[in-house]
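Sequences listed follow chains A and B, in order.
Each step along the first sequence adds one to the number in the numbering used here, with nothing skipped, and position 128 is 128.
Numbers given in the numbering used here equal positions in the second sequence, counted from 1, plus 1000.
Here a beta-carbon is modelled for each residue, glycine too, at the ideal position from N, C-alpha and C.
Shown next, in structure tokens, is the structure this report addresses.
2 protein chains.
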Amino acid sequence: MARSSDPTRTRILTAASRLFYAEGIRAVSVDAVAENAGITKKTLYYHFRSKDDLVAAYLAARDQPNLVLFKRWFDEAEGALPDKVAAIFRHLAKAARHPKWRGCGFLRTTAELANLPGHPAIKIGAAHKKKFEAWLQATFAEAGIESAGELARQMLLLLDGSFAVVLLHRDASYMETAGEAARALVQAALPRRMRAAPQRSR
Amino acid sequence: MARSSDPTRTRILTAASRLFYAEGIRAVSVDAVAENAGITKKTLYYHFRSKDDLVAAYLAARDQPNLVLFKRWFDEAEGALPDKVAAIFRHLAKAARHPKWRGCGFLRTTAELANLPGHPAIKIGAAHKKKFEAWLQATFAEAGIESAGELARQMLLLLDGSFAVVLLHRDASYMETAGEAARALVQAALPRRMRAAPQRSR
DNA sequence: CGAGGTATATTCACTGGTCAGTATACATCG
DNA sequence: CGATGTATACTGACCAGTGAATATACCTCG
């Protein structure tokens, strides 16, 4: 059976990831993925039952690395809670300025497959976002924020909103605007005793 | 010359709109649009130079109606500015609960065509969102808000974020969360003298 | 008025190419 | 030997766009 560490499987997944993220799902043929991975299509179909399977695997492979990255940006940021949240947006804005940036793979896949509501890739995308939201909520709750759940949802809305808007306008400054809005909302939600003098950035 | 009121052209555009919104761009063939419009493919190509042209026309046709609708929701809402902004989200949440709702056509098209940065449809989508943002900014400025520009951008982020998140989770309650965040941000931005007692909704 | 022409609008049938997925066979290795 | 993995070559469906012909409406000039 093909293990997840299987080198051929990994090669396929790497190629699929690069192409699906860069071009979109329906724009990329299975032939193109196989060629890019340096194998034949039949070999690809030996490792993945169908293209839909491959798409789901592409997103599944991005789940953990993405979450880990976000958490690291948060953990390594200086300052109080609002600053640490804003740091995520700051790092994202930097990434969004790279010419190969194409928004959030999870959201773009969902948008493209919106006519197939039960598609496994969409479920993986939804689960990914839920995990991120749950982590935020827990972080906020630990900080003594009463409305941790609502605040986490607001952060998610700003985050995913900035993915969409920045992709549309190709203007990463929206991501910084989102970061400032996030900072303000977190600041306002902090319990009074923990609230430092609100420092307007810039 | 084919006028915009041309009945055949309108039929094509109606069919294209329905199909592209429901299924996505690349998932819908030109044949499918033609059949749905009750004409032959060649007739479609008489009225539109290419599929890309048709896609652009589909979005262009949605531009004004969408803006008008949003403005009407705002104008007809009771209450002060924060409530009027929140009303847009409330109406949108209601729309999002309809089974045929598939998010924002502009954003989904942009996401799907993200590998074609100069595509005319993307330009139309970007212009549409800019118009909405400009209208919001003007409205906020008239209300005496100093940071009208930044606030308008924040509203856009929340709005487009809720399109993305609600489409992903198929849970329209995120749109109400976005509305509450929008209300809070507008409330906080109002000049003191105009600020009524902030009323937490619910 | 009316015959002939011209631009508009539409149809059927087709092309060259791509797509997801498969049948069959060959190889490698424990 | 036989399980795992890979390759060549194929299938039937679909796709964007086109060629050639036809119908309709209007306009010009005898």
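Identity of the residue in the options nearest residue i by Cα
| i | options | result |
| --- | --- | --- |
| Arg108/A | Leu151/A, Gly79/A and Ile122/A | Ile122/A |
| Ala1188/B | Cys1104/B, Glu1146/B and Ala1164/B | Glu1146/B |
| Lys100/A | Leu1116/B, Ala1126/B and Arg1097/B | Leu1116/B |
| Asp83/A | Ala182/A, Ala34/A and Thr43/A | Ala182/A |
| Gln1064/B | Ser1162/B, Leu1054/B, Thr1177/B and Ile1124/B | Ile1124/B |
| Ala1037/B | His1169/B, Val1028/B, Ala1126/B and Thr1008/B | Thr1008/B |
| Ala60/A | Thr10/A, Pro191/A and Ala77/A | Thr10/A |
| His1047/B | Ile1012/B, Leu1190/B, His1098/B and Leu1156/B | Ile1012/B |
| Ala127/A | Leu67/A, Pro191/A and Tyr45/A | Leu67/A |
| Thr177/A | Arg1170/B, Ala1148/B and His1169/B | Ala1148/B |
| His169/A | Lys1041/B, Gly1144/B and Leu1157/B | Leu1157/B |
Contact set for residue i: own chain, Cβ-Cβ below 6 Å, skip 5 residues either direction
| i | result |
| --- | --- |
| Pro1120/B | Ala1056 |
| Trp73/A | Ala87, Ile88 and His91 |
| Tyr174/A | Ser162, Val165 and Val166 |
| Val1028/B | Leu1019 and Phe1020 |
| Arg202/A | Below a pLDDT of 50, predicted positions are generally treated as unreliable, and Arg202/A, at 46, falls in that range; the measurement from the model is reported next regardless. No residues qualify anywhere along the chain. |
Residues near residue i in its chain [Cβ-Cβ closer than 8 Å; skip 5 each side]
| i | result |
| --- | --- |
| Lys1051/B | Val1030 |
| Asp1160/B | Cys1104, Leu1107 and Lys1129 |
| Arg1102/B | Tyr1021, Ala1022, Arg1108 and Leu1167 |
| Leu1044/B | Ile1012, Val1030, Val1033, Ala1034, Ala1037 and Leu1054 |
| Asp1006/B | His1047 |
| Gln154/A | Ala182 and Leu185 |
Residue i, buried or exposed, once every other Cβ within 10 Å from all chains shown has been counted against 16
| i | result |
| --- | --- |
| Ala1095/B | exposed |
| Ala1138/B | exposed |
| Arg49/A | exposed |
| Leu19/A | buried |
| Thr1110/B | buried |
| Ala1002/B | Because Ala1002/B sits at a pLDDT of 41, beneath the cut-off of 50, its placement in the model cannot be relied upon, and the following sentence gives the value as read from the coordinates. By the 10 Å Cβ count, Ala1002/B comes out exposed. |
| Glu1180/B | buried |
| Arg1062/B | buried |
| Glu1112/B | buried |
| Gly79/A | exposed |
| Gly1024/B | buried |
Same chain, Cβ closer than 7 Å to residue i, five either side skipped, listed in chain order
| i | result |
| --- | --- |
| Ala152/A | Glu133, Leu136, Gln137 and Phe140 |
| Ala32/A | Leu19 |
| Tyr58/A | Leu13, Ala16, Ser17 and Phe20 |
| Ala1172/B | Ala1093, Ala1096, Arg1097 and Val1166 |
| Val186/A | Leu81, Pro82, Val85 and Leu151 |
| Arg26/A | Glu112 |
| Lys1131/B | Leu1067 |
| Ala77/A | Asp83, Lys84 and Ala87 |
| Thr40/A | Ala34 |
| Phe70/A | Ile88 and Phe132 |
- Task: Compile a chain-ordered list of the residues in the region 1123 to 1134 of chain B whose CB is closer than 7 Å to at least one CB of chain A.
- Result: Gly1125, Ala1126 and Lys1129
- Task: Compile a chain-ordered list of the residues in the region 1139 to 1163 of chain B whose CB is closer than 8 Å to at least one CB of chain A.
- Result: Glu1150, Arg1153, Gln1154, Leu1156, Leu1157, Leu1158, Leu1159, Asp1160, Gly1161, Ser1162 and Phe1163
- Mind checking the region 96 to 111 of chain A against chain B and listing, in chain order, the residues whose C-beta falls within less than 9 Å of any C-beta there? Arg102, Gly103, Cys104, Phe106, Leu107, Arg108, Thr109, Thr110 and Ala111
- Item | Contained alpha helix (DSSP H) runs [length at least 4] in the region 1042 to 1100 of chain B, N- to C-terminal order | Within the region 1042 to 1100 of chain B, the alpha helix (DSSP H) runs of at least 4 residues that lie entirely inside it are, in chain order, 1051 to 1076 and 1081 to 1096.
- What are the uninterrupted segments assigned as alpha helix (DSSP H) that are 4 or more residues long and contained completely in the region 134 to 196 of chain A, given in chain order? Secondary structure within the region 134 to 196 of chain A: the alpha helix (DSSP H) runs of 4 or more consecutive residues, fully enclosed, are 148 to 169 and 173 to 189 (chain order).
- Query: When Cβ atoms are compared, which residues of the region 1063 to 1081 of chain B fall closer than 9 Å to chain A?
  - Reply: none
- Query: Using a beta-carbon distance cut-off of less than 7 Å, what residues from the region 1005 to 1037 of chain B approach chain A?
  - Reply: Ala1022, Glu1023, Gly1024, Arg1026 and Ala1027
- Task: Please name the residues in the region 174 to 185 of chain A whose beta-carbon is closer than 8 Å to at least one beta-carbon of chain B, in chain order.
- Result: Tyr174, Thr177, Ala178, Glu180, Ala181, Ala184 and Leu185
- Message: Beta carbons nearer than 8 Å to chain A: which residues of the region 1085 to 1096 of chain B have them?
- Response: none
- Report the residues of the region 1047 to 1062 of chain B with a CB closer than 9 Å to any CB of chain A, ordered along the chain. none
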